[in-house]
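Just so you know, the sequences run in chain order A and B.
Count the first sequence with my numbering and you get residues 1 to 229, in order.
Count the second sequence with my numbering and you get residues 230 to 726, in order.
Here a beta-carbon is modelled for each residue, glycine too, at the ideal position from N, C-alpha and C.
Note that the structure is predicted; figures quoted are calculated from it, not measured.
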Amino acid sequence: MSQNFLDQFLFVALPYVCLFTFFLMTIYRYRMQSFSYSSLSSQFLENKHHFWAVVPFHYGILVVTAGHLVAFAIPRSILAWNSHPLRLYVLEVSALIFGLMTLIGLVGVIVRRLTHSKIRTVTSPTDWVLFAMLLVQAASGIAIALFYPWGSSWFASNLSPYLWSIFKLSPDVTYVAAMPHLVKLHIVLAFVTIGFFPFTRLVHLLVIPNPYLWRKPQVVRWYGTRSKI
Amino acid sequence: MNIRSQVSMVFHLDKCIGCHTCSVACKNVWTDRKGAEYMWWNNVETKPGTGYPTKWEDQEKYKGGWESNGNGKLKIKSTGKMKIIPNIFHNPHMPSIDDYYEPWTYDYQNLFNAPEGTDQPTAVPVSMIDGEKIDVQAGPNWDDDLGGSPIYAEHDPNLQGLSEQQRLQLSSVERLVFFYLPRICNHCLNACCVASCPSGALYKRGEDGIVLIDQKKCRAWRSCVSACPYKKTYFNWFTGKSEKCILCFPRLETGQAPACFHSCVGRIRYLGVLLYDADRIEEVAKLPDDELVEGQRSLVLDPHDPAVIAQAKRNGIADGVIEAAQRSPVYKFVMKWKIALPPHIEFRTLPMLFYVPPMSPVQASKPEDTIQHVSDNLFHDIDDSRVPMKFLANLFGAGHEGGVRYALRKQKAVRWHRRAETVGDVDRETADRMLREADTTREEADAIYELTSLCTFEDRFVIPPMHREQAIEMMKEPHEHREETGFGFVGGPQRGL
Chain A
1 MSQNFLDQFL
11 FVALPYVCLF
21 TFFLMTIYRY
31 RMQSFSYSSL
41 SSQFLENKHH
51 FWAVVPFHYG
61 ILVVTAGHLV
71 AFAIPRSILA
81 WNSHPLRLYV
91 LEVSALIFGL
101 MTLIGLVGVI
111 VRRLTHSKIR
121 TVTSPTDWVL
131 FAMLLVQAAS
141 GIAIALFYPW
151 GSSWFASNLS
161 PYLWSIFKLS
171 PDVTYVAAMP
181 HLVKLHIVLA
191 FVTIGFFPFT
201 RLVHLLVIPN
211 PYLWRKPQVV
221 RWYGTRSKI
Chain B
230 MNIRSQVSMV
240 FHLDKCIGCH
250 TCSVACKNVW
260 TDRKGAEYMW
270 WNNVETKPGT
280 GYPTKWEDQE
290 KYKGGWESNG
300 NGKLKIKSTG
310 KMKIIPNIFH
320 NPHMPSIDDY
330 YEPWTYDYQN
340 LFNAPEGTDQ
350 PTAVPVSMID
360 GEKIDVQAGP
370 NWDDDLGGSP
380 IYAEHDPNLQ
390 GLSEQQRLQL
400 SSVERLVFFY
410 LPRICNHCLN
420 ACCVASCPSG
430 ALYKRGEDGI
440 VLIDQKKCRA
450 WRSCVSACPY
460 KKTYFNWFTG
470 KSEKCILCFP
480 RLETGQAPAC
490 FHSCVGRIRY
500 LGVLLYDADR
510 IEEVAKLPDD
520 ELVEGQRSLV
530 LDPHDPAVIA
540 QAKRNGIADG
550 VIEAAQRSPV
560 YKFVMKWKIA
570 LPPHIEFRTL
580 PMLFYVPPMS
590 PVQASKPEDT
600 IQHVSDNLFH
610 DIDDSRVPMK
620 FLANLFGAGH
630 EGGVRYALRK
640 QKAVRWHRRA
650 ETVGDVDRET
660 ADRMLREADT
670 TREEADAIYE
680 LTSLCTFEDR
690 FVIPPMHREQ
700 AIEMMKEPHE
710 HREETGFGFV
720 GGPQRGL
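In structure tokens:
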């Protein structure tokens, strides 16, 4: 009974609280403090180690996160892809490589921020909490890939329905309840990170500059409609 | 034709005394804040010298500005359009704080708190970034008045193309020479910082052409810092936003000259409106190097021409602005007299700050030791000045000497004409011949003299009426505007977490 209660709390209540916080607070912060939406780059203060830490981390985490999203969105296609062992290996190995890139990059980021005193001054307590969470998340993700193989398949078959049930507002924890503890940790931490997201520098993810590729090079702003003056 | 107005500037280098009052005025008003300590929106450099940030003119190093490639397209050298995608996490050409300098203060408390000892306590320098003690190695103006020439002056990128002898001449004690180059944002027509901003946070104000960074839209992608070839956009390491010279627009809007202009001791700064044709910007920015200076001048339109006035009105330029353009001192220096030139036009951003190139003493060691001002060539000392023509041409003519020589000859003719008028030791005939050879007249020479030497505030700063509130009122019911405009910053701008 208590196990069931814990599952209900961790995989139903918590996700909803976190998702609600995420949407409410990102919008609130954007409207009230859009000045604070910044990637807060520290490249200016330290330009050498920056490349070796930040670049692998970003490429790694972007691909890994995108992979999770794809498996969540189109689980059947992933399963179909994985039906052939070779294709399964290719997918798993490349996912692992990007996972390792994330972890190595993240360790680089943390070491860089610890060792350069200038960078330390622009690292807030929130940043340290965030780095710790991401570190555990990346490490647990890699551990899962190593100890519970073929995650791309079982994620698509077992976890995707759970995530969909959350979004369809009829949560079903049957699949999750049977998962090993490591996987549970990974799921819970993922939701906590989403809930923590609006209070961190992660918000820069929401303002990635997509219109740049289409807009005209020069930007001109007028007080009002020009022809009316 | 699409006519726009641009608040433009002229710095008369022949009058600059290098006192840095402009820099201090700007610093006190705008950049005396955490994260902005290292920024000098206005700075004064000694030339020859490497400047601030170090060697900013060397685009092999910084990749600033535009390049015009073979197939007639303009490209941002650093990270434009597609190149931003792989480089957004780490900007490959971004200068770091070491290229500027690490700002510092002194531990003054130590003077009071030091324990009793045998030595006088000192105030040691501490970094304004992390508070650690630092060994100060460089500052924003470390090479002022040629200090440390072997490290700085000799590495001036403008020395390219100078002969070994000319270089030696610049550094030998009896012949050395320097002049000052005050710099602010050029508020370019083809601003590279604007074009490079992935967020679209940088923009040019339509009414007056001032280039600004929307602090609420800047997301610290840092492209503008790399893209600006003049290195006049700065990254605030604390707020995570880029900042730049705003041409003191709150002052301009109330009819006052920008702080650096207002405080200029040598009265070298002029500010006024230029009307230009915005449709031709791209076409001009693509011209070959040697046509750029003339090309940029061809963009600027005559504010007295009835056709231009009519079109300007159709394009929504207020009568007051047109009238200000007609009285603009910048128009006189740049267009009428053609003695003010844009800095490093080869960066292709079409800067709207123009410099009157400085006169310099003639070389002391000539074959015959006396300088003959009655020689056939009355302008011989222009070519024999201590600052090699090629050096000035690298700065103000994309390497081409014609425009610089023209400006210097005219300035010299003005001097001789005034000498003939006031001192009388130059005969009138020679002075007139010089005026003729320098492509000018007595009237024009007097006008140049007056605007150079006798200029009042009103002569130097013809600030167009901006009446921002009235402009809004003309278009919209004020209450309606008030309802739509929002609260601005709620609780003040705060660094993100």
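Beta carbon of residue i nearer than 7 Å to that of residue j
| i | j | result |
| --- | --- | --- |
| L134 (chain A) | L106 (chain A) | yes |
| F199 (chain A) | L726 (chain B) | yes |
| K460 (chain B) | P282 (chain B) | yes |
| N271 (chain B) | C245 (chain B) | no |
| G278 (chain B) | D385 (chain B) | yes |
| R697 (chain B) | E482 (chain B) | yes |
| I61 (chain A) | T102 (chain A) | yes |
| W222 (chain A) | G438 (chain B) | no |
| V192 (chain A) | F11 (chain A) | no |
| K276 (chain B) | F408 (chain B) | yes |
| P209 (chain A) | P427 (chain B) | yes |
| E286 (chain B) | L410 (chain B) | no |
| L205 (chain A) | A156 (chain A) | no |
| A674 (chain B) | L664 (chain B) | yes |
| F242 (chain A) | L169 (chain A) | Given a span of 1 to 229 for chain A in the structure shown, any question on residue 242 (chain A) remains unanswerable. |
| Y678 (chain B) | R648 (chain B) | no |
| E46 (chain A) | I119 (chain A) | yes |
| H116 (chain A) | F318 (chain B) | no |
| F240 (chain B) | I551 (chain B) | no |
| L476 (chain B) | P487 (chain B) | yes |
| A627 (chain B) | I574 (chain B) | yes |
6 Å Cβ shell around residue i - same chain, five flanking residues per side excluded
| i | result |
| --- | --- |
| H50 (chain A) | Q43 |
| S392 (chain B) | none |
| N158 (chain A) | Y175 |
| S297 (chain B) | L303 and K515 |
| L91 (chain A) | S152 |
| V603 (chain B) | At V603 (chain B), the pLDDT of 49 sits below 50, so the modelled position is not reliable and the matter cannot be decided from this model. |
| S2 (chain A) | none |
| Y462 (chain B) | A small fix is needed here, since residue 462 (chain B) is Thr in this sequence, not Tyr. Around T462 (chain B): C422, C453, V454, S471 and K473. |
| M268 (chain B) | T260 and Y463 |
Chain-order list of residues whose beta-carbon lies under 7 Å from that of residue i (same chain, five-residue window excluded)
| i | result |
| --- | --- |
| W128 (chain A) | none |
| P586 (chain B) | L242, L570, L621, F625, V633, A636 and L637 |
| L516 (chain B) | G524 |
| D531 (chain B) | V537 |
| Y16 (chain A) | none |
| L388 (chain B) | P277, R396 and F620 |
| I166 (chain A) | P15 |
| I305 (chain B) | W295, C421, A424, S425 and A456 |
Cβ shell of residue i (< 8 Å), same chain only, five flanking positions each side left out
| i | result |
| --- | --- |
| G377 (chain B) | W371 |
| L528 (chain B) | L418, Y505, D506, R509, I510, V513 and L579 |
| H186 (chain A) | Q137, S140, G141 and I144 |
| V353 (chain B) | Y335, D336, N339 and K362 |
| A13 (chain A) | none |
Endpoints, alpha helix (DSSP H) assigned at residue i
| i | result |
| --- | --- |
| N342 (chain B) | Q338 to N342 |
| I538 (chain B) | P535 to R543 |
| D612 (chain B) | H609 to D612 |
| F690 (chain B) | Run containing F690 (chain B): none; DSSP gives neither H nor E here. |
| L621 (chain B) | M618 to F625 |
| Y314 (chain B) | As written in the sequence, residue 314 (chain B) is Ile, which differs from the Tyr given in the question. That run of the alpha helix (DSSP H) goes K310 to N316. |
| D675 (chain B) | R671 to S682 |
Presumed contact (8 Å Cβ cut-off) between residue i and residue j, rounded CB distance
| i | j | result |
| --- | --- | --- |
| A553 (chain B) | V691 (chain B) | 5 Å |
| S124 (chain A) | A449 (chain B) | S124 (chain A) to A449 (chain B), Cβ: 15 Å. No contact. |
| Q540 (chain B) | M230 (chain B) | 5 Å |
| P617 (chain B) | Q395 (chain B) | 5 Å |
| A456 (chain B) | C414 (chain B) | So it is not a contact: roughly 13 Å between Cβ atoms. |
| W237 (chain B) | V522 (chain B) | Inspection of the sequence shows that residue 237 (chain B) is occupied by Ser rather than by Trp. No, S237 (chain B) and V522 (chain B) are not in contact; Cβ-Cβ is about 15 Å, not under 8 Å. |
| F562 (chain B) | K263 (chain B) | In fact, because the Cβ distance is near 39 Å, the residues do not count as touching under 8 Å. |
Span of the beta strand (DSSP E), counted from its first residue to its last, around residue i
| i | result |
| --- | --- |
| G524 (chain B) | That residue, G524 (chain B), is in no beta strand (DSSP E); its alpha helix (DSSP H) goes L521 to L528. |
| H249 (chain B) | From DSSP, H249 (chain B) is part of no beta strand (DSSP E); its letter is neither H nor E. |
| M238 (chain B) | I232 to H241 |
| K48 (chain A) | Premise fails: K48 (chain A) is in no beta strand (DSSP E) and is neither H nor E. |
| T685 (chain B) | From DSSP, T685 (chain B) is part of no beta strand (DSSP E); its letter is neither H nor E. |
As an exercise, report each continuous alpha helix (DSSP H) stretch of at least 4 residues that is fully enclosed by the stretch 70–144 of chain A, in chain order.
75–82, 85–115 and 117–121
Fill in: Entirely enclosed beta strand (DSSP E) segments - the stretch 421–452 of chain B, minimum 3 residues
431–434 and 440–442
TODO: Scan the stretch 338–407 of chain B and note each continuous alpha helix (DSSP H) run of 4 residues or more that stays entirely inside, going in chain order.
DONE: 338–342 and 393–400
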